[in-house]
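In our numbering, the protein residues as written are 15 to 413. All residues carry an ideal CB built from backbone N, CA and C; glycine is no exception. Note that the structure is a prediction, hence the values are computed from the model and not measured.
Following this line, the structure appears as structure tokens:
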């Protein structure tokens with residue numbers, strides 16, 4: 015009998031030791047935990063988030079990368095057209111970008127997006143179309159602009175009715191807005207609609223942050239987002255993003271030329287995607303200045319072709335427009351034998367002129383002189399392209 019009691023005491027003692035070890039390990043483990051959102055902000059000062067909306071058939075309807083600087087509360091949305099073409103390593107063939115997601119999954123897709131835009135995207139968020147519509151209702155609707163009323167019936171008999179103007183769309187109307195296809199629409203029209211919906215979603219999150227993040231309310235929303243974060247990190251991420259200045263979100267999209275490959279019409283970014291990466295870097299620089307402050311000023315440029323290369327000014331104007339500059343005109347210069355590219359700073363803003371120069375690798379910046387070329391009073395900077403400009407950058411010549 016005594017032996018049994020001793021054995022029981024021994025078992026209890028062992029259980030107690032194991033319990034103490036378990037508690038100690040739990041405390042140690044908790045002390046080692048890090049907040050990946052906070053650590054990312056400390057390291058990079060910004061949040062890069064891939065947001066995709068998955069349709070009911072598991073295809074990727076549309077996606078964007080949100081670049082957000084909490085210090086300035088400014089953000090940019092980079093639209094990722096699903097038909098963007100490349101030879102994707104995860105597919106081992108040339109195909110549409112969205113096919114990477116559908117065949118290889120979100121991690122492969124995120125890696126291809128990283129290579130496309132040239133910046134790391136540590137966080138992703140996938141929202142099903144059903145949940146996107148639900149969130150629209152939670153936010154009290156998503157506000158978008160529709161130029162003309164929509165009265166459309168699809169081939170399978172589905173009716174789409176939408177009013178014109180600046181309208182607030184509930185969940186069902188958001189679904190209609192994203193799924194109708196007019197015969198006279200082109201791919202650009204469709205991508206504009208997708209990007210407007212994504213921008214409206216970010217705006218809705220910002221407008222309703224007082225409700226979404228009040229108390230424990232986020233538990234009602236968290237399951238709408240599929241992310242690579244834990245629930246508490248997910249809430250922290252979206253709470254940070256909800257402070258965005260929604261009125262000044264910069265919107266960009268991937269541009270290039272269309273080519274048909276294996277019967278598919280694919281958009282191949284110009285210059286092997288270098289234009290896209292330059293534009294993303296430029297937008298990131300515009301969101302926050304060197305001292306951490308933001309400037310909402312959109313600079314007006316005039317591009318002049320000082321060479322014999324036809325279309326150089328027009329093509330260069332597209333580069334700057336994609337980088338969110340306002341190009342007033344693209345014209346020929348007063349002559350076509352400029353040896354060097356020059357930037358004329360009419361505004362007297364050295365920092366802005368330097369930023370423009372960095373975009374095309376040009377440090378030849380001057381102030382207007384007495385014999386200055388004719389220009390509009392609205393122009394902040396005139397760029398005269400010389401023989402040293404290769405269509406992308408200024409090539410430094412050996413002296």
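Which residue from 349, 201, 334 and 185 puts its Cα closest to that of residue 319?
Residue 319 has its Cα closest to that of 349, out of 349, 201, 334 and 185.
If you count every other CB in all the chains shown that lies within 10 Å of the CB of residue 195, and 16 or more means buried, which is it?
Sixteen is the threshold: since fewer than 16 other Cβ atoms of the shown chains lie within 10 Å of the Cβ of residue 195, the residue is exposed.
I need the straight-line Cα distance from residue 176 to residue 278, nearest angstrom please.
Each residue's alpha carbon lies about 31 Å from the other.
Taking 8 Å as the cut-off, decide whether the C-beta atoms of residue 282 and residue 271 are in contact.
Cβ distance < 8 Å, so residue 282 and residue 271 count as in contact.
When the Cα of residue 355 is compared with those of 182, 327, 332 and 205, which residue comes out closest?
Measuring from the Cα of residue 355, the nearest candidate turns out to be 327.
Extent of the continuous alpha helix (DSSP H) run through residue 117
Secondary structure note for residue 117: its alpha helix (DSSP H) is the uninterrupted segment 111-118.
Reduced DSSP secondary structure (H/G/I, E/B, other) of residue 139
Residue 139: strand per DSSP, three-state reduction.
Using DSSP with H/G/I as helix, E/B as strand and the rest coil, what is residue 330?
Helix, per DSSP.
According to DSSP, simplified to helix, strand and coil, what is residue 217?
Shown here, residue 217 sits in a helix according to DSSP, grouped into three states.
For residue 265, tell me which candidate among 235, 205 and 30 has the shortest Cα-Cα distance.
For the residues 235, 205 and 30, the minimum Cα distance to residue 265 belongs to 205.
Going by Cα to Cα distance, which pick from 93, 81, 398 and 188 is closest to residue 151?
The shortest C-alpha separation from residue 151 is found at 188.
Would you check if there are 3 or more beta carbon pairs closer than 8 Å linking the region 127-142 to the region 63-82?
Flag = yes, the region 127-142 and the region 63-82 touch.
On the DSSP bridge assignment, give the partners of residue 100 in chain order.
Answer by DSSP bridge pairing, in chain order: 109.
Measure how close the beta-carbons of residue 104 and residue 122 come, nearest whole angstrom, since I'm counting them as under 8 Å.
Right, their Cβ atoms sit about 4 Å apart.
Nonlocal neighbours in the same chain, by C-beta distance under 8 Å from residue 116, ignoring five residues either side
Counting only Cβ-Cβ distances below 8 Å, and skipping sequence neighbours, we find 72, 73 and 74.
In terms of residue numbering, what span does the beta strand (DSSP E) encompassing residue 165 cover?
Counting along the chain, the beta strand (DSSP E) containing residue 165 begins and ends at 164-167.
Taking contact to mean 3 or more Cβ pairs, one atom from each stretch, closer than 8 Å, check whether the region 90-97 and the region 208-216 are in contact.
The way I'd put it, the region 90-97 does touch the region 208-216; three or more beta-carbon pairs between them come closer than 8 Å.
Measure the C-alpha to C-alpha separation of residue 261 and residue 86 and round it to an integer number of angstroms.
Approximately 13 Å, taken between the alpha carbons.
Outcome for residue 400 when other beta-carbon atoms lying within 10 angstroms are tallied against a minimum of 16
Flag for residue 400 reads buried.
Alpha carbon of residue 305 to alpha carbon of residue 312, nearest angstrom
Confidence at residue 305 is low in this model, with a pLDDT of 44, below 50, so its placement is unreliable and the value that follows should be read with caution. Distance between residue 305 and residue 312, taken at the CA atoms: about 18 Å.
Residue 255 beta carbon less than 8 Å from that of residue 219:
Contact flag set, yes.
With 16 other CB atoms within 10 Å as the buried threshold, where does residue 46 fall?
Confidence at residue 46 is low in this model, with a pLDDT of 42, below 50, so its placement is unreliable and the value that follows should be read with caution. Exposed is the call here.
Using a Cβ-Cβ cutoff of less than 7 Å, which residues in the same chain neighbour residue 128 once the five nearest sequence positions on both sides are dropped?
134 and 135, listed in sequence order.
Tell me the start and end of each unbroken alpha helix (DSSP H) in the region 187-250 that is at least 4 residues and wholly inside, in chain order.
Complete alpha helix (DSSP H) runs here, min 4: 201-221 and 223-226.
Rounded to whole angstroms, what's the CA-CA distance from residue 307 to residue 167? Just pull it up for me.
Residue placement at residue 307 is flagged as unreliable, the pLDDT there being 43, under the threshold of 50; the coordinate-derived value follows with that caveat. If you take the alpha carbons of residue 307 and residue 167, they lie about 49 Å apart.
Cα-Cα separation between residue 76 and residue 95, rounded to whole angstroms:
For the pair residue 76 and residue 95, the Cα-to-Cα distance works out to about 7 Å.
Residue 146 (DSSP reduced to helix, strand or coil):
Residue state, collapsed to three classes: helix.
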